[in-house]
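Number 277 in the UniProt record's numbering belongs to position 277 of the sequence shown; there are no gaps in the numbering.
One structure is given below, encoded as structure tokens.
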Amino acid sequence: MARRSMRLVEYGKPFQLTNEEVPTAPKGGAVVKTDYAGVCHSDLHGADGDFGPFIPLQVILGHEIAGTVHDVDPSADFKVGDRVMVYWTGGCGECKRCEVGQPPACLKNVKHWAGITEDGGFSDYVIVPDVRLLVKVPDTVAMDTACLLPCSALTAYNTVCTIVPTVQDFAKYSDDCAVLLVGAGGLGLWGVQFAKVLLPVGVRVICADISEEKLAAAKEVGCDEVLLWGKDVDDDTAVAAAKEVCGDLGAVAAIDFVNAPSTFERLQKMIAEGGIHALVGFFGVDAPAAVPLMPFVVNRHTITGVIIGSLPQLRELTALVAQGKVKPPPISHHPLEDVYDVMQGLKAGKVKGRAVVKF
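The structure is reproduced here in structure tokens:
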């Protein structure tokens with residue numbers, strides 16, 4: 001028996017399909033037979049070399065992984081055949097942060113990141129070094145949805161959780177509060193729904209995007225208002241329209257799922273005094289953005305970066321999905337051999353919702 005894997009052999013070039021032996025579970029770990037692997041914008045940046053040597057050549061990309069346990073350490077609380085998703089950002093497993101389910105913040109800065117620093121889900125079988133990184137998939141959650149939960153859903157969930165205290169504080173004193181989300185792709189559609197569940201009742205959720213089709217999808221999942229930021233919309237026009245929709249305060253919180261210099265600088269002009277600006281997307285890679293220092297201080301803005309989330313948060317959001325309180329974005333299925341082409345479609349903005357590899 002062999003496993004098929006799509007390996008990154010050269011940045012910016014198609015992957016190489018390889019046939020290899022099926023691995024066995026390491027001590028304390030497991031091997032998962034992949035059912036679905038999500039195609040994420042981070043995979044695109046990794047394949048193009050935007051992260052440099054952090055994502056090494058010869059690695060198998062794909063960090064959104066769900067499947068069944070194929071082999072597992074006998075001491076684990078999992079058995080062969082269990083339906084699982086992979087929490088892909090492992091740490092040292094020993095420090096206090098790892099012990100409480102926060103390995104992305106590992107105090108030893110160890111990164112066992114599937115599909116990033118180590119082989120991931122664009123393969124029939126995936127090695128998971130620590131069974132504590134596995135989460136069982138509830139019966140009411142489809143496996144193509146499950147693969148999305150530890151990355152895109154978790155990132156959106158954590159980001160909304162991050163802005164909750166600021167929004168709650170505003171909502172205590174104002175009956176007209178609005179939150180602005182930029183980017184109505186896969187993360188944005190999760191974000192709209194989590195905002196509706198987690199933010200105080202009455203807080204309006206507004207989405208901005210360059211695509212009318214994506215904004216329509218955002219409305220379908222509960223977005224209150226939308227802003228079309230076409231390429232012909234200048235900053236002054238966009239800011240005026242946003243302030244009209246958001247109300248007198250402006251946006252009390254903004255989440256930038258795109259995070260390019262243009263969206264960053266535009267949002268800084270729309271946020272309420274004392275508001276929070278959460279940066280999530282990688283679209284701008286390492287491009288600089290300008291912050292006018294005195295207005296930043298005078299307006300008491302907070303800027304925070306958000307990446308992924310914790311294991312406890314993954315379990316919380318999985319429960320919301322299992323209960324039907326949050327729905328997955330539109331999902332399209334693709335064969336493993338087409339994954340590089342799918343990524344090019346993602347780069348061109350042609351993917352609605354999320355694309356996944358089906359094994």
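Beta carbons: idealized from backbone N, C-alpha and C, even for Gly.
Given this structure, state the Cα-to-Cα distance separating residue i from residue j, to the nearest angstrom.
i      : j      : result
Val32  : Asp144 : 15 Å
Phe359 : Asp124 : 7 Å
Pro261 : Val22  : 44 Å
Asp119 : Phe15  : 13 Å
Glu273 : Pro165 : 15 Å
Gly309 : Arg83  : 21 Å
Val351 : Ala216 : 14 Å
Val201 : Ile210 : 28 Å
Val72  : Val135 : 14 Å
Ala76  : Val131 : 7 Å
Leu44  : Cys151 : 14 Å
Val137 : Arg315 : 10 Å
Gly46  : Lys269 : 32 Å
Met294 : Glu265 : 15 Å
Asp248 : Asp286 : 33 Å
Could you name the residues that DSSP lists as bridge partners for residue i?
i      : result
Met85  : Ala66, Val135
Thr34  : Gly67
Trp113 : Thr89
Met6   : Leu17
Arg204 : Ala178
Thr304 : Ala278
Tyr340 : In DSSP, Tyr340 forms no bridge with anything.
Ile331 : Arg354
Ile163 : DSSP lists no partner for Ile163.
Asp209 : Leu228
Ile55  : Beta-bridge pairing links Ile55 to no other residue.
Three-state secondary structure (DSSP) at residue i?
i      : result
Tyr11  : coil
Asn19  : strand
Ile271 : strand
Leu228 : strand
Leu279 : strand
Val252 : strand
Asp235 : helix
Val72  : strand
Along the alpha helix (DSSP H) that carries residue i, what are the first and last residues, could you check?
i      : result
Glu118 : Here Glu118 belongs to no alpha helix (DSSP H), and DSSP marks it neither H nor E.
Ser42  : 41-48
Ala322 : 311-322
Thr145 : 143-146
Gly191 : 186-198
Give the single residue among the options whose Cα lies nearest to the Cα of residue i.
i           : options                        : result
Gly115      : Gln344, Tyr157, Glu64          : Glu64
Thr162      : Asn109, His277, Ser75          : His277
Asp176      : Gly250, Asp139, Leu228, Ala208 : Gly250
Gln193      : Val182, Val306, Val205         : Val205
Gly101      : Val110, Ile127, Leu133         : Leu133
Ala66       : Glu244, Lys172, Val126         : Val126
Thr89       : His70, Val128, Gly52, Phe51    : Val128
residue 360 : Cys223, His41, His333, Pro104  : The structure shown has nothing for residue 360, since the chain only spans 1 to 359.
Val27       : Val280, Asp35, Gly93, Pro74    : For the sequence presented, residue 27 should be read as Lys rather than Val. It is Pro74 whose Cα lies nearest to the Cα of Lys27.
Leu107      : Trp113, Cys95, Glu99, Met270   : Cys95
Ser332      : Leu346, Asn299, Asp256         : Leu346
Ile307      : Gly38, Phe282, Gly275          : Phe282
Tell me whether residue i, by its Cβ, gets closer than 7 Å to a heavy atom of the ligand GDP.
i      : result
Pro328 : In the structure on display, the ligand GDP does not appear, and there are no ligands present to speak of.
At which residues does the beta strand (DSSP E) containing residue i begin and terminate?
i      : result
Ile127 : 125-128
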